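Trainee:
4 protein chains.
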Amino acid sequence: MATQVIVLNGGSSSGKSGIVRCLQAELPDPWPVAAIDAFVDALPASLRASNAGIEFAEDGGVTVGPEFRRLEAAWREGVAAMVRAGARVIVDDVFLGGPASQESWRKALTDLDVLWVGVRCEGTVAEAREIARGDRPRGMAAAQAETVHRGVAYDLEVDTTHTESLTCARTIAAHLT
Amino acid sequence: MATQVIVLNGGSSSGKSGIVRCLQAELPDPWPVAAIDAFVDALPASLRASNAGIEFAEDGGVTVGPEFRRLEAAWREGVAAMVRAGARVIVDDVFLGGPASQESWRKALTDLDVLWVGVRCEGTVAEAREIARGDRPRGMAAAQAETVHRGVAYDLEVDTTHTESLTCARTIAAHLT
Amino acid sequence: MATQVIVLNGGSSSGKSGIVRCLQAELPDPWPVAAIDAFVDALPASLRASNAGIEFAEDGGVTVGPEFRRLEAAWREGVAAMVRAGARVIVDDVFLGGPASQESWRKALTDLDVLWVGVRCEGTVAEAREIARGDRPRGMAAAQAETVHRGVAYDLEVDTTHTESLTCARTIAAHLT
Amino acid sequence: MATQVIVLNGGSSSGKSGIVRCLQAELPDPWPVAAIDAFVDALPASLRASNAGIEFAEDGGVTVGPEFRRLEAAWREGVAAMVRAGARVIVDDVFLGGPASQESWRKALTDLDVLWVGVRCEGTVAEAREIARGDRPRGMAAAQAETVHRGVAYDLEVDTTHTESLTCARTIAAHLT
């Protein structure tokens, strides 16, 4: 069966968005992206920086509250339904909960053909790129570099530390069925 | 039963996004937005400006191809599933197909409690705002101001020509059940 | 002598940027804009939110420190030199210091032909637009609506409360010499 | 005498902006950036994509007309005046005219202490990054990778092909006097 969903998991500034754009440019079929960042942008401003929603601390830490979790679960169901309706989708997420996040996706994507991809980047390099992009709180990259992968199982891992996004995307594309 | 979906339909530069942000600020519950603009941004770049995808002509015309339509239909199913999973959602759309667009949403949102809202703005004013914002092809506002509403049925219409987005949002909020 | 500089002064969310884009679209000559927002974006991130730089408080207050002032003065000299070198320039500023800000510009623009324009917007309307745009700290619009005009002398004032940016721009354009 | 201006020259997607943000983060003094991209954004929309202004062709070519050149020259004078007024400034430019562009800057920056830095990146890598960022016309990176450096003299060259922006920035910072 053909791959229906590519789930990319990686820390902040690990290069996921770049890989998504390269995948979209390389793959013959049109794959829309469902990115956690876009989901957060779709929320009311009040839900960002609140205990019920999602909070980005100055040291790069991220905490999510019950309302955020509830809506995030609904968003996952929405992504799954979009795939069941015929779209092939790339998910661009940060598994803040590690294996629990993967389990949530696994349940939502039941019966769908998923390629699980870990996007790694050495903490110091991700941190340097965080400074270079300048639009993320300092510290997120380092804080997430290892933790988001702990206990997560992948079909494939790519590493942007010494490899360009385009090359990583081609490696992923070669694994699609 | 409580309103589960607010569907806003209006032409380019009619003020929908502003109303969405005001609704999100005013409503006690968190309502994520599902905007057609964000959906287009989630597509591969190649699908924009292609016959299969969506094309923005220099005169402000917009044409969509078969691949775009197919993915848009899947997106609507995704939005509906997100609502069925418990999220209350604001849809921010431009009914390029008029009543056919509404019919597509109606099918996707079957059994859900929907508030249909028309967002109007006089063509000349929308055109002036299009110049002021400077990030849209000139001509879209004028081309869409009337056509997107033709044959569409609403529970409520608001008009941003002489009324601020916040006031329009409060009118909409007062109609929620 | 022909007008060489248009200085727009107005509070946050009063509609200055929209007027700038309309002026640029309406005027036959190309007028680049020198906007305080772009100047702030050109500063190191560390200078934002620091005592030495510029701080945006959660209540909408803005405070600037000595380093910011020093660089801002240099920026004004740069704008003046650009005009002396032959460019006609629109300045888009917020006179946080009221008449003192105007005096600083007056010194920098000595011997140049300047049109001083006040861009007004009723506080409650500016506040509503601040919510609608969603990218500014709540409270800035209300805090600045009156204060930035106090003691400032204009050649012309426009008011966006009930008038579109394009109409305001045309009024300004008609005053150019 | 202390370095007053750092001029970075490099092709599209060579990594200049990332280096600028890292320099701003690393240097103890606040260095505002004067970027050609920000200058282009400050121009009327009509001057982009016109024979008199600047045109970005679909194949990545860039052509500039007489009005653009005239305003660009005024902008350079403005940057120089800002430095003479006491600001230390990083210039982020693309020498489309090669040595002629450098000569123009040299004249504008007469008597100032300038550090000339070439930012190199192998064409194929810059091209891959252009796809990954997704906000530039395809082809610019490859077209400019070599040509913008031809005949230009530097105090220092950095290469982002295999070196992170932060490391390049630190190399540059070490050369400041």
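Just so you know, the protein sequences line up as chains A, B, C and D, in that order.
If you read the first sequence in my numbering, its first letter stands for residue 1, the second for the next number, and so on.
If you read the second sequence in my numbering, its first letter stands for residue 1, the second for the next number, and so on.
If you read the third sequence in my numbering, its first letter stands for residue 1, the second for the next number, and so on.
If you read the fourth sequence in my numbering, its first letter stands for residue 1, the second for the next number, and so on.
Built from N, CA and C at the ideal position, the CB exists for glycine as well.
Remember, it's a predicted structure, so these values are computed and weren't measured experimentally.
1) Would you mind sorting C/Asn-9 into buried or exposed? The rule is 16 or more other CB atoms within 10 Å of its CB.
2) Go through its chain and collect everything with a Cβ distance to A/Val-166's Cβ below 6 Å, but skip five positions before and after it.
3) Does any residue of chain B have a CB that is nearer than 9 Å to the CB of C/Arg-133?
4) Can you list, in chain order, the residues of its chain with a C-beta nearer than 7 Å to that of B/Tyr-154? Leave out the 5 residues immediately preceding and following it.
5) At the level of alpha carbons, what is the spacing between B/Leu-96 and B/Phe-39?
6) Pull the bridge partners of D/Ile-131 from the DSSP assignment, please.
7) Anything in the segment 12-36 of chain C with a Cβ closer than 7 Å to a Cβ of chain B? List those residues in chain order, please.
8) Taking C-beta pairs closer than 9 Å, name the residues in chain D that C/Val-79 reaches, listed in chain order.
9) Counting only beta-carbon separations shorter than 9 Å, does C/Leu-47 have a partner in chain D?
10) Can you tell me the Cα-Cα spacing of D/Ile-131 and C/Ala-45, whole angstroms?
11) What do you reckon, are the CB atoms on D/Glu-127 and D/Ala-141 nearer than 9 Å?
12) Taking A/Ala-42 as the reference, give the member of B/Thr-63, B/Val-79, B/Thr-110 with the closest Cα.
13) Is the shortest distance between the beta-carbon of C/Ala-100 and the beta-carbons of chain D less than 9 Å?
14) For B/Ser-14 and B/Gln-144, I'd like the C-alpha separation in whole angstroms.
15) Express the C-alpha separation of D/Gly-123 and D/Pro-137 in angstroms, rounding to a whole number.
16) Buried or exposed: which applies to B/Thr-163, given that a residue is buried once 16 or more other Cβ atoms fall within 10 Å of its Cβ?
17) Just the C-alpha distance for A/Arg-133 and B/Asp-113, rounded to the nearest angstrom, thanks.
18) Measuring alpha carbon to alpha carbon, tell me which of C/Arg-84, C/Thr-171, C/Val-94 ends up nearest C/Asp-37.
19) If you drop the 5 nearest sequence neighbours on each side, which residues of the same chain put their C-beta closer than 8 Å to that of A/Phe-68?
20) Using DSSP's beta-bridge definition, name the partner residues of A/Trp-116.
21) According to DSSP, is C/Phe-56 helix, strand or coil?
22) On the DSSP letters alone, give me the boundaries of the alpha helix (DSSP H) that A/Asp-111 sits inside.
23) Could you tell me whether any Cβ in chain A is nearer than 9 Å to the Cβ of B/Phe-39?
24) From the beta carbon of D/Thr-110, is the nearest beta carbon of chain A less than 9 Å away?
25) Return the Cβ separation of C/Gly-151 and C/Pro-99 in integer angstroms, given the expectation that the two are a contact with Cβ distance under 8 Å.
26) Would you list the residues sitting across from D/Leu-156 in a DSSP beta bridge?
27) Within 10 angstroms of the Cβ of D/His-149, are there 16 or more other Cβ atoms? Answer buried if so, exposed if not.
28) Please return the same chain residues whose Cβ sits closer than 6 Å to the Cβ of A/Val-125, not counting the five positions on each side in sequence.
29) Report the partner residues of B/Ala-35 according to the DSSP bridge assignment.
30) Bridge partners of C/Arg-48, per DSSP?
31) So is B/Glu-164 in contact with chain C if we call contact Cβ pairs under 9 Å?
32) Sorted by chain position, which residues of the same chain lie with C-beta nearer than 8 Å to C/Phe-178's C-beta, five sequence neighbours on each side aside?
33) How far does the alpha helix (DSSP H) with C/Thr-171 in it reach, from first residue to last?
34) Consult DSSP for C/Thr-161 and reduce its assignment to one of helix, strand or coil.
35) Please return the same chain residues whose Cβ sits closer than 6 Å to the Cβ of B/Ala-35, not counting the five positions on each side in sequence.
36) Cα-Cα, which of D/Met-1, D/Arg-106, D/Asp-29, D/Arg-84 is closest to D/Val-7?
Mentor: In short, the structure shows the following:
1) buried
2) First, the residue type needs correcting, since residue 166 of chain A is Leu and not Val in the sequence shown. Cβ within range, chain order: Cys-22.
3) yes
4) Trp-116, Val-117, Gly-118
5) 15 Å
6) DSSP, once it has assigned bridges, lists no residue as partnering D/Ile-131.
7) Gly-18, Arg-21, Cys-22, Ala-25
8) Gly-78, Ala-81, Met-82
9) yes
10) 27 Å
11) yes
12) B/Val-79
13) no
14) 9 Å
15) 15 Å
16) exposed
17) 43 Å
18) C/Val-94
19) Leu-43, Leu-47, Ala-52, Gly-53, Ile-54
20) A/Val-7
21) strand
22) Here A/Asp-111 belongs to no alpha helix (DSSP H), and DSSP marks it neither H nor E.
23) yes
24) no
25) 4 Å
26) D/Val-117
27) buried
28) Thr-161
29) B/Asp-92
30) C/Ile-54
31) yes
32) One cannot answer for residue 178 of chain C here, as it falls past the ends of chain C, which runs 1 to 177.
33) 165-173
34) coil
35) Asp-92
36) D/Arg-106
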